[in-house]
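Sequential numbering of the sequence shown, starting at 1278, is according to this note's numbering. Glycine included, C-beta positions come from ideal geometry on N, C-alpha and C. Working notes for the structure below.
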Amino acid sequence: MLPAESRMRRHRDFAVAVRRGSRSGRTLLTGHLLVPAGEGDSPPRAGFVVSRSVGMAVVRNRVRRRLRVLVREYLSSLPGGSLLVVRAHPQAATASQADLAAELNLVMNTLVRRQAGALRR
1278 MLPAESRMRR HRDFAVAVRR GSRSGRTLLT GHLLVPAGEG DSPPRAGFVV SRSVGMAVVR
1338 NRVRRRLRVL VREYLSSLPG GSLLVVRAHP QAATASQADL AAELNLVMNT LVRRQAGALR
1398 R
């Protein structure tokens, strides 16, 4: 489980990350990452969007828990103040944990590479 200070809860944080951050999408997941220009003093935060198209409440919560475990590994490598939004697609409901981990790895590598390039400019 993510520590309480690492969770995004406000709509405004989600909206800023989605609108101004880099986006990378795959079959199971789409990620949005916003890294602030300066090193923030707050810890990086992550939020999850798992809509009704993924399934019933039990399925959505299971997908969210599985993603939460995987994202925890990446938070320590992100700069302070970063905002990460992970959106699950309907196919994530039937995917294995290994498939989710592989797709999240691809998404995160792409997002970090894009944000690093944007910060160098």
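Here's a check: name, in chain order, each residue in its chain whose Cβ is nearer than 6 Å to the Cβ of Leu1310, leaving out the five neighbours to either side. Around Leu1310: Gly1298, Ser1299, Leu1361, Leu1388, Gln1392.
Please list the segments of the beta strand (DSSP E) lying wholly inside the region 1299 to 1359, counting only runs of 3 or more residues, in order along the chain. 1299 to 1302, 1306 to 1311, 1322 to 1327
Alpha carbon of Leu1306 to alpha carbon of Val1384, nearest angstrom: 8 Å
Since Leu1362 sits in a beta bridge, which residues does DSSP pair it with? Note that residue 1362 is Val in the sequence shown, not Leu. His1309, Gly1324.
Taking buried to mean at least 16 other C-beta atoms within 10 Å of its own C-beta, is Ala1292 buried or exposed? Counting C-beta atoms within 10 angstroms of its own C-beta, Ala1292 has fewer than 16 neighbours from the protein chains shown and is therefore classed as exposed.
Suppose the cutoff is 8 Å on Cβ atoms and the five residues either side in sequence are ignored; what does the same chain contact list for Arg1397 look like? Its pLDDT being 49, under 50, Arg1397 is placed unreliably by the model, and the measurement read from it follows with that caveat. None.
Does the beta-carbon of Ala1369 have 16 or more other beta-carbons within 10 angstroms, so that it is buried, or is it exposed? buried
When the distance is taken between beta carbons, is Leu1347 closer than 8 Å to Phe1325? no
Reducing DSSP to helix, strand and coil, say where Gly1284 ends up. It is worth fixing the name first, because residue 1284 is Arg in this sequence and not Gly. If DSSP states are grouped into helix, strand and coil, Arg1284 belongs with the strands.
Nearest residue (CA-CA) to Val1327, options Ala1365, Arg1286, Arg1390: The option with the nearest alpha carbon to Val1327 is Ala1365.
Measure the C-alpha to C-alpha separation of Gly1302 and Gly1308 and round it to an integer number of angstroms. In this structure, the straight-line span from the alpha carbon of Gly1302 to that of Gly1308 is close to 6 Å.
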